[in-house]
Amino acid sequence: MSLLQFLLMVVALLFAVIILRLLPATQRSLAAGTESAIDKINKCVNTITAKVGPDGRANQLSQFESRAISSSGIASGFGVSNPFTTTDEAQARKFVNQARRSMNTAKLEELSEMARKDIQSFLANDPENGVSLASLVQIVTLSMALRVFIKDGIASTNLDQSRLLIISNFINKIWIDSKFPERRIVYREYHELHDALRAICPQYDPLDPRENPLNWLLPSFESLWRIALRTFLEVKFSTGRMHPEWSRALIKFARNPTKEQFEGFFESQSVHQGQTRISVQEIVNEALRLYPPTRHIYRAFQFDPGDRQNEIADIESLHIDPDIWGVDALKFDPERWNKLSDLQRKAFMPFGGEPFRCPAKLAFGPRAIALVAGVVLAAFEGGDWHMECDDSQVMEDLNRGTRLSLSRDGYTNVVLRRCSE
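Numbering (our numbering), first residue to last: 4 to 424.
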């Protein structure tokens with residue numbers, strides 16, 4: 004090979020590298036022979052829809068069968084029969100329609116006032132060891148779920164917080180233990196949980212799968228408390244420390260939870276530079292992106308009598324994919340919602356997808372997140388509270404402004420204490 008040929012080859016190679024770097028992320032993936040962003044999105048959509056497998060073969064299971072089979076652990080672990088676990092389409096649709104009616108008739112102003120009273124009652128105990136943030140958020144969230152979905156079936160508007168903590172702790176424990184077969188206990192043996200459910204919801208039988216109040220509490224409480232907790236931490240102690248206007252906006256919404264307060268824009272210091280305008284809705288959307296209520300959606304597929312397999316729609320990875328969201332995909336940045344691309348809109352699936360999209364998606368769910376985060380922020384407004392945690396990694400993550408842990412038991416040891424203590 005002559006020197007001239009060698010130089011021409013080097014120039015051609017450099018030119019190819021430059022062109023490849025200039026291509027959009029999706030085209031780079033295609034050029035490199037890897038899975039493109041749109042392929043990842045379509046894979047999640049097809050898995051959730053559960054009609055066609057990854058290899059193009061038709062699923063012999065119905066959509067309801069596909070979801071129910073993959074959710075069999077929920078049915079046995081919590082003793083429930085709801086749209087996630089049943090193959091009875093009529094039962095599922097009746098449940099969803101009732102959930103929609105409950106959310107449509109819920110008055111956010113009343114829920115906000117009740118949440119404020121719940122917090123006052125919790126803080127009145129003034130625990131010497133500080134305030135358990137996770138316990139507080141769980142009580143507020145579980146109380147809200149009960150007042151929305153089991154409104155006429157609860158024993159009192161003043162709910163026993165010790166029993167609420169028993170219920171929330173058992174829900175969390177059963178979820179965690181479900182990952183470890185050696186820890187699992189038959190649902191009927193959780194007597195303390197049953198007693199707490201009967202005391203709070205005397206009209207419901209926790210041992211009857213169709214009457215079990217956990218049918219309502221699992222999807223509502225589970226979808227809300229963990230993301231509300233992380234929204235609070237992001238805004239109060241992490242990225243939001245440099246943006247106090249975020250906290251003020253959430254508190255303002257919690258005190259006046261209207262559509263205008265949720266969607267209206269306010270002036271904010273940019274996370275990049277200069278000034279910008281964002282809304283409470285965009286803060287919540289960014290929390291839903293980084294901390295989706297459902298990280299993975301499972302579906303069962305059957306192609307032949309002996310050929311059944313499970314597929315996973317990885318919502319979490321889709322929400323933080325740098326090919327979709329950019330190099331700052333792990334950063335909490337509500338501004339990104341001012342200039343969302345079509346690809347990003349398609350990739351955003353915090354409430355799943357058709358035909359089983361969560362009925363809370365349209366209005367109630369995002370506003371409930373803002374409401375819980377806002378009332379808790381209001382309770383700790385001002386500079387006389389500080390956070391403590393015996394896990395140094397938690398403090399390090401908050402100080403660095405990195406994405407928070409999505410572990411189910413993450414931040415259960417976070418304590419808020421008055422500065423004078």
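Just so it is clear, CB atoms sit at the ideal spot from N, CA and C, and this is done for glycine as well.
From a predicted model like this one, the values you see are computed outputs, not experimental measurements.
CB-CB length for residue i against residue j, believed under 8 Å
{"i": "Ile169", "j": "Leu139", "result": "In fact, because the Cβ distance is near 15 Å, the residues do not count as touching under 8 Å."}
{"i": "Arg213", "j": "Ser115", "result": "Contact flag wrong, Cβ pair sits at about 32 Å."}
{"i": "Val189", "j": "Val378", "result": "Their Cβ separation, rounded to whole angstroms, is 37 Å, which puts Val189 and Val378 out of contact at 8 Å."}
{"i": "Gly80", "j": "Leu210", "result": "That belief does not hold up - the Cβ atoms of Gly80 and Leu210 are roughly 14 Å apart, past 8 Å."}
{"i": "Ser165", "j": "Gln141", "result": "That belief does not hold up - the Cβ atoms of Ser165 and Gln141 are roughly 12 Å apart, past 8 Å."}
{"i": "Pro222", "j": "Glu289", "result": "About 23 Å; that fails the 8 Å criterion."}
{"i": "Ser69", "j": "Ala303", "result": "5 Å"}
Sequence-distant residues of the same chain with beta carbon closer than 8 Å to residue i, five excluded per side
{"i": "Glu319", "result": "Pro295, Arg298, His299, Leu409"}
{"i": "Phe52", "result": "Sequence check: residue 52 is Thr here, not Phe. Gln66, Gly356, Glu357, Pro358, listed in sequence order."}
{"i": "Ala158", "result": "Ala202, Ile203, Cys204, Pro205"}
{"i": "Gly59", "result": "none"}
{"i": "Asp412", "result": "Asn175, Ile179"}
{"i": "Gln272", "result": "Met245, His246, Glu248, Gln278, Thr279"}
{"i": "Asn341", "result": "Thr279, Arg280, Ile281, Glu285"}
Exposure of residue i, with buried meaning 16 or more beta-carbon neighbours within 10 Å
{"i": "Val417", "result": "buried"}
{"i": "Pro325", "result": "exposed"}
{"i": "Leu333", "result": "exposed"}
{"i": "His275", "result": "exposed"}
{"i": "His246", "result": "buried"}
{"i": "Leu167", "result": "buried"}
{"i": "Glu155", "result": "Residue identity check: residue 155 is Asp in the sequence provided, not Glu. Asp155 comes out exposed."}
{"i": "Asp331", "result": "exposed"}
{"i": "Tyr414", "result": "buried"}
{"i": "Arg270", "result": "The sequence shown places Glu at residue 270, rather than the Arg named in the question. Burial call: exposed."}
{"i": "Arg229", "result": "buried"}
{"i": "Thr160", "result": "exposed"}
{"i": "Gln1", "result": "Any property of residue 1 remains undetermined from this structure, which presents the chain solely from 4 to 424."}
{"i": "Arg186", "result": "exposed"}
Same chain, Cβ closer than 7 Å to residue i, five either side skipped, listed in chain order
{"i": "Gly76", "result": "Ser181"}
{"i": "Val48", "result": "Gly356"}
{"i": "Arg406", "result": "Leu293, Leu333"}
{"i": "Glu391", "result": "Gly133, Val418, Arg420"}
{"i": "Ala95", "result": "Phe67, Pro86, Thr89"}
{"i": "Ile177", "result": "Gly80, Phe81"}
{"i": "Gln347", "result": "Ile327, Trp328"}
{"i": "Leu111", "result": "Pro260, Arg370, Leu374"}
{"i": "Ala28", "result": "With a pLDDT of only 46 at Ala28, under 50, the local geometry of the prediction cannot be trusted, and no value is derived from it."}
{"i": "Val99", "result": "Pro86, Pro362"}
{"i": "Asn128", "result": "none"}
Residues near residue i in its chain [Cβ-Cβ closer than 6 Å; skip 5 each side]
{"i": "Thr88", "result": "Ala71, Ser74, Ile77, Ala78"}
{"i": "Leu136", "result": "Val417, Leu419"}
{"i": "Ala118", "result": "Val143, Val378"}
{"i": "Asp307", "result": "none"}
When the options are compared against residue i, the one with the closest alpha-carbon
{"i": "Glu248", "options": "Asp58, Leu291, Gly385, Lys97", "result": "Gly385"}
{"i": "Ser226", "options": "Pro369, Glu38, Gly59, Pro260", "result": "Pro369"}
{"i": "Leu1", "options": "Phe173, Ser241, Arg244", "result": "Only positions 4 to 424 of the chain appear in the structure, and residue 1 is not among them; the question remains open."}
{"i": "Cys422", "options": "Arg406, Ile327, Asp412, Phe383", "result": "Phe383"}
{"i": "Thr261", "options": "Phe354, Glu113, Thr415", "result": "Glu113"}
{"i": "Ile107", "options": "Phe367, Asp393, Gln396", "result": "For clarity, residue 107 is Asn in the given sequence; the question names Ile instead. Here the closest residue by C-alpha is Phe367."}
{"i": "Leu162", "options": "Arg186, Arg191, Ile122", "result": "Ile122"}
{"i": "Glu38", "options": "Asp336, Ile327, Pro308", "result": "Ile327"}
{"i": "Ile372", "options": "Met147, Arg104, Thr50, Asn128", "result": "Met147"}
{"i": "Leu291", "options": "Asp393, Gln278, Glu263, Ile323", "result": "Ile323"}
{"i": "Phe404", "options": "Phe81, His246, Ser241, Phe269", "result": "The residue you asked about is not Phe; residue 404 is Gly in the sequence shown. Checked all of Phe81, His246, Ser241, Phe269; the closest Cα to Gly404 is Ser241."}
{"i": "Pro57", "options": "Arg311, Lys349, Met352", "result": "Arg311"}
{"i": "Ala199", "options": "Phe98, Arg186, Asn215", "result": "Asn215"}
{"i": "Ala376", "options": "Glu263, Ala231, Ile315, Asp317", "result": "Ala231"}
{"i": "Arg191", "options": "Pro184, Phe183, Glu185, Asp208", "result": "Asp208"}
{"i": "Phe351", "options": "Ala316, Asn128, His389", "result": "Ala316"}
{"i": "Gln101", "options": "Trp219, Tyr193, Asp91", "result": "Trp219"}
{"i": "Phe335", "options": "Ala127, Asp400, Leu380, Ala303", "result": "Asp400"}
{"i": "Phe152", "options": "Tyr193, Ser105, Glu92", "result": "Ser105"}
{"i": "Gln63", "options": "Phe224, Gly309, Asn402", "result": "Gly309"}
{"i": "Thr50", "options": "Leu126, Glu92, Glu314, Glu185", "result": "Glu314"}
{"i": "Arg425", "options": "Ser344, Phe224, Phe265", "result": "Shown here, the chain extends from 4 to 424; a query on residue 425 therefore has no answer."}
Test: residue i CB closer than 9 Å to a CB of chain C
{"i": "Ile157", "result": "Any reference to chain C falls outside this structure, which holds one protein chain only."}
- Is the segment 254-273 touching the segment 232-240, taking contact as three or more C-beta pairs under 8 Å? no
- Task: Report yes or no: do three or more beta-carbon pairs, one from the segment 38-45 and one from the segment 281-294, lie closer than 8 Å?
- Result: no
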